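What follows is one structure encoded as structure tokens, with my remarks underneath.
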Amino acid sequence: GDSVTQMEGPVTLSEEAFLTINCTYTATGYPSLFWYVQYPGEGLQLLLKATKADDKGSNKGFEATYRKETTSFHLEKGSVQVSDSAVYFCALSVAGTYKYIFGTGTRLKVLA
Amino acid sequence: DSGVTQTPKHLITATGQRVTLRCSPRSGDLSVYWYQQSLDQGLQFLIQYYNGEERAKGNILERFSAQQFPDLHSELNLSSLELGDSALYFCASSVGEVTDTQYFGPGTRLTVL
């Protein structure tokens, strides 16, 4: 069935370090892919999305490229800040199926 | 502020009781989703409504039920509560049925004692 697999956390980095959070998916159709972020004490909010292969989503310095050949949508940021500390969720949706699937979330902690 | 409102913010109740959580979607959004987030199980999809009709069901217990009203607000009813039902319950909304971005409310924290 359709699924999303994220790397286990927590991920702890120093400020200005490079971030990668891996996300791979399995889908029978042509999914749209999303990254959501949840800051402490808040609900999830959309960080970026991509709706077709080779699309790159970007926002607030974060980027992710929809790679159909490797079924991946890894999240990257060149230089993290303390304010990026949050839980990051990868998600997919498949048109026509009413499926919207979230990964388990990866907690990021950035130290000053 | 996502534009999605949830009430109450906190709820403390006892085992065996019944509670109702309320969600108002963003203006213009027709879909409402309910999620349960607990420490050990992450974010679990419960149920989705689109324009008043149930569209998809996830890991929703039989003790739980939901509905979406003509004004598009939604309620999640939890009955015969157990200690394990303690969690954050999020509502999200989107314009369309599935593939759109979801906008999450701030959540209701339920504590069952």
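Chains as they are written, first to last, in the numbering used here: chain A, 899 to 1010; chain B, 3 to 115.
For each residue, glycine too, the CB sits at the ideal point set by N, CA and C.
Note that the structure is predicted; figures quoted are calculated from it, not measured.
Taking the C-beta atoms as reference points, A16 of chain B is found no nearer than 8 Å to L90 of chain B. Neighbours of Y996 of chain A in chain B, taken as residues whose beta carbon is under 8 Å from its own, are Q50, R57, A58, E99 and V100 in chain order.
L1009 of chain A and F71 of chain B have their C-alpha atoms roughly 46 Å apart. Annotated as proximal: G1001 of chain A and V902 of chain A, with beta-carbon spacing under 8 Å.
Using a CB distance cut-off of 8 Å, K947 of chain A counts as an interface residue toward chain B. Per the coordinates, the alpha-carbon of Y923 of chain A lies some 16 Å from the alpha-carbon of T995 of chain A. With a threshold of 8 Å between beta carbons, F971 of chain A makes no contact with chain B.
Shown here, L63 of chain B sits in coil according to DSSP, grouped into three states, outside any helix or strand. For G109 of chain B, the C-beta contacts it makes with chain A under 7 Å involve G941, in order along the chain. Membership of A89 of chain B in the beta strand (DSSP E) is indicated by the continuous run A89 to S96. In this structure, P27 of chain B sits away from T110 of chain B, with a CB-CB distance that is not shorter than 8 Å.
Partner residues in a beta bridge of S82 of chain B, as assigned by DSSP, do not exist. Excluding five sequence positions before and after L23 of chain B, the CB atoms of its chain that fall closer than 6 Å to its own CB belong to L78, Y91 and T110, given in chain order. Under the Cβ criterion of 8 Å, G907 of chain A is not counted among the residues facing chain B.
In this structure, the beta-carbon distance from A989 of chain A to L1006 of chain A does not fall below 8 Å.
Here S981 of chain A carries a helix assignment [DSSP, helix/strand/coil]. Sorting B:S95, B:L74 and B:Q46 by C-alpha distance to the C-alpha of Q943 of chain A places B:S95 at the top. For E974 of chain A, the beta-bridge partners assigned by DSSP are A:T918 and A:E961.
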